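Visitor:
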Amino acid sequence: KAGVTQTPRYLIKTRGQQVTLSCSPISGHRSVSWYQQTPGQGLQFLFEYFSETQRNKGNFPGRFSGRQFSNSRSEMNVSTLELGDSALYLCASTPTGGPSPLHFGNGTRLTVT
Amino acid sequence: AQSVTQLDSQVPVFEEAPVELRCNYSSSVSVYLFWYVQYPNQGLQLLLKYLSGSTLVKGINGFEAEFNKSQTSFHLRKPSVHISDTAEYFCAVSDPMNYGGSQGNLIFGKGTKLSVKP
């Protein structure tokens, strides 16, 4: 079974631009979560989607948004990029029903210059 | 709010020596606990999980962890480490207020970098 796939692996953007990151979960997994990882703040939860609905949201500004499609693939968007948005963005998926561990992709490394 | 503390940011150890990576969490209610490992330029990989039952949990690559409810700890151990265990290790806990409706919101510790020297 293929793992969680994130594209692209690396991105370089300029301040003020916007960016869209993509995540394809493991087949059959309907929950997709996004995390931001930085050296200073560590791993921080951005949001979770389940059946195309945002089920939970972390403490991030409205510039960070996401969506999920009917095939469970998810995208996250960051508008008006700031230097502090430079981070590794990790996507994770879980199957439905009961407590299950997260299955992570390899992440997208975003650098904002 | 729930929090996770990994007491050591870096742990150097010689190959074949035992290691313990410490993790404490704040909640006194029932929680789910996880240890993940991250190799350079990769995502996180699950090492082991505690959901219920036996307090000694065995995971992959020879790692194990012990859940101690009274001390709110979930320390990770390995009796003999290898060079290939060099990585960053993260302890994570579910937020019991969210778990019923949300599986994806884990609270992570800041990580412990394990460095295994020959």
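Those sequence lines, one after another, are chains A and B. The opening residue of the first sequence carries number 1 in this note's numbering; numbering runs sequentially from there. The opening residue of the second sequence carries number 1001 in this note's numbering; numbering runs sequentially from there. Even for Gly, the Cβ is constructed at its ideal location relative to N, Cα and C. From a predicted model like this one, the values you see are computed outputs, not experimental measurements.
1. How far does the beta strand (DSSP E) with Lys57 of chain A in it extend, from its first residue to its last?
2. Phe69 of chain A CB to nearest chain B CB: under 7 angstroms?
3. If Val1004 of chain B sits next to Arg1077 of chain B, beta carbons under 8 angstroms apart, how far is it from one beta carbon to the other, in whole angstroms?
4. Do three or more CB pairs link the region 81 to 96 of chain A to the region 13 to 26 of chain A at distances below 8 angstroms?
5. Let me confirm a value: Ser33 of chain A is counted as buried when at least 16 other C-beta atoms fall within 10 Å, else exposed. Which label applies?
6. If you draw a straight line from the alpha carbon of Ala1092 of chain B to that of Ser79 of chain A, how long is it in whole angstroms?
7. Which of the three DSSP states is assigned to Asn1024 of chain B in this structure?
8. Relative to the ligand MN, is the shortest distance from any of its heavy atoms to the C-beta of Ala87 of chain A smaller than 6 angstroms?
9. I need the straight-line Cα distance from Asp85 of chain A to Pro1079 of chain B, nearest angstrom please.
10. Could you compute how far the alpha carbon of Thr1086 of chain B sits from the alpha carbon of Lys1058 of chain B?
11. I want to verify the contact list: residues of chain D whose CB lies under 7 angstroms from the CB of Lys1049 of chain B, in sequence order.
12. Below 8 angstroms, how does it come out for the region 1008 to 1015 of chain B and the region 1056 to 1072 of chain B: are there three or more Cβ pairs, yes or no?
13. With Thr1005 of chain B as the anchor, note down where its beta strand (DSSP E) starts and where it stops.
Guide: In short:
1. Thr53 to Lys57
2. No, its Cβ sits nowhere closer than 7 angstroms to a Cβ of chain B.
3. So it is not a contact: roughly 17 angstroms between Cβ atoms.
4. yes
5. buried
6. Between Ala1092 of chain B and Ser79 of chain A, the alpha-carbon positions lie close to 29 angstroms from each other.
7. Three-state DSSP puts Asn1024 of chain B in a strand.
8. Of the ligands one can find in the structure shown there are none, so the ligand MN has no counterpart to examine.
9. One C-alpha to the other measures close to 39 angstroms.
10. 19 angstroms
11. The chain inventory of the structure shown lacks chain D, comprising the protein chains A and B.
12. No, the region 1008 to 1015 of chain B does not touch the region 1056 to 1072 of chain B.
13. Element bounds for Thr1005 of chain B: Val1004 to Gln1006.
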